[in-house]
């Protein structure tokens with residue numbers, strides 16, 4: 059059974075409010091094209107990649123009720139909100155316990171335009187989230203991070219470390235977001251927030 063983690067709606071709808079640090083990428087395109095137009099079936103590739111981190115995914119389940127607008131909507135870099143008509147959710151499982159979700163949304167015919175991964179943690183240490191986000195970026199964007207160094211970050215881990223340090227230095231009352239734009243013509247938003255004594259890490263990938 060899939061279970062949506064509380065707080066995912068707030069994270070999936072990347073809000074304008076909150077602390078934001080920008081890591082803009084795109085002054086000039088990478089020397090080689092990567093062109094990865096992700097699909098709904100890529101969740102299978104993500105599932106296979108997560109086995110290296112002792113994590114598993116449930117069977118994707120379509121979100122068929124009104125909560126689709128909560129769990130599968132996002133704001134672009136200009137602050138415009140976008141909705142999708144079709145969205146699937148999978149539960150991220152570790153040792154039999156649900157510790158997050160991966161949602162992919164778009165249209166049945168046109169394919170996905172949005173992927174959201176949410177991972178909860180009892181501490182500020184990203185822990186399992188690093189593996190989830192690395193697999194997700196490699197699968198849905200490109201296997202090129204070390205070559206391109208978007209935002210000046212050598213790895214997903216380095217990007218997350220910067221966000222973690224900035225959030226630790228804040229009063230943690232507002233979510234902290236960092237956006238990387240232009241990597242293989244996609245936007246990536248990394249977010250951390252504190253909710254009910256749990257840290258919620260989110261990575262949003264949009265076309």
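In the working numbering, the protein residues as written are 59 to 265.
Even glycine gets a Cβ: it sits at the ideal position worked out from N, Cα and C.
8 Å Cβ cutoff met for residue i and residue j
i           : j           : result
residue 250 : residue 234 : yes
residue 199 : residue 171 : no
residue 175 : residue 261 : yes
residue 202 : residue 163 : no
residue 269 : residue 197 : This structure leaves residue 269 out entirely; the chain is present only between 59 and 265.
residue 151 : residue 113 : yes
residue 126 : residue 115 : no
Separation of residue j from residue i, as counted between CA atoms
i           : j           : result
residue 232 : residue 209 : 23 Å
residue 245 : residue 184 : 21 Å
residue 140 : residue 155 : 31 Å
residue 106 : residue 191 : 14 Å
residue 179 : residue 109 : 19 Å
residue 256 : residue 186 : 14 Å
residue 212 : residue 206 : 8 Å
residue 243 : residue 146 : 23 Å
residue 248 : residue 177 : 12 Å
residue 96  : residue 263 : 10 Å
residue 224 : residue 230 : 10 Å
residue 167 : residue 122 : 16 Å
residue 153 : residue 220 : 29 Å
residue 241 : residue 173 : 15 Å
residue 124 : residue 222 : 33 Å
residue 259 : residue 216 : 15 Å
Residue i Cβ short of 7 Å to the ligand SAM heavy atom set
i           : result
residue 242 : The ligand SAM is not among the ligands present in this structure, which contains no ligands whatsoever.
Sequence-distant residues of its chain with Cβ nearer than 7 Å to residue i (five each side left out)
i           : result
residue 135 : 237, 239 and 245
Cβ shell of residue i (< 6 Å), same chain only, five flanking positions each side left out
i           : result
residue 165 : 143 and 144
residue 169 : 97
Residue i burial status per 10 Å Cβ neighbour count (16 or more: buried)
i           : result
residue 189 : buried
residue 117 : exposed
residue 218 : buried
residue 195 : buried
residue 227 : exposed
Nonlocal neighbours in the same chain, by C-beta distance under 8 Å from residue i, ignoring five residues either side
i           : result
residue 204 : 212 and 213
residue 111 : 186, 189, 190 and 193
**Item:** Uninterrupted beta strand (DSSP E) stretches inside the stretch 182-228 (no shorter than 3 residues)
**Value:** none
**Asked** Residue ranges of each alpha helix (DSSP H) run of no fewer than 4 residues wholly in the stretch 112-160, ordered along the chain?
**Response** 126-129
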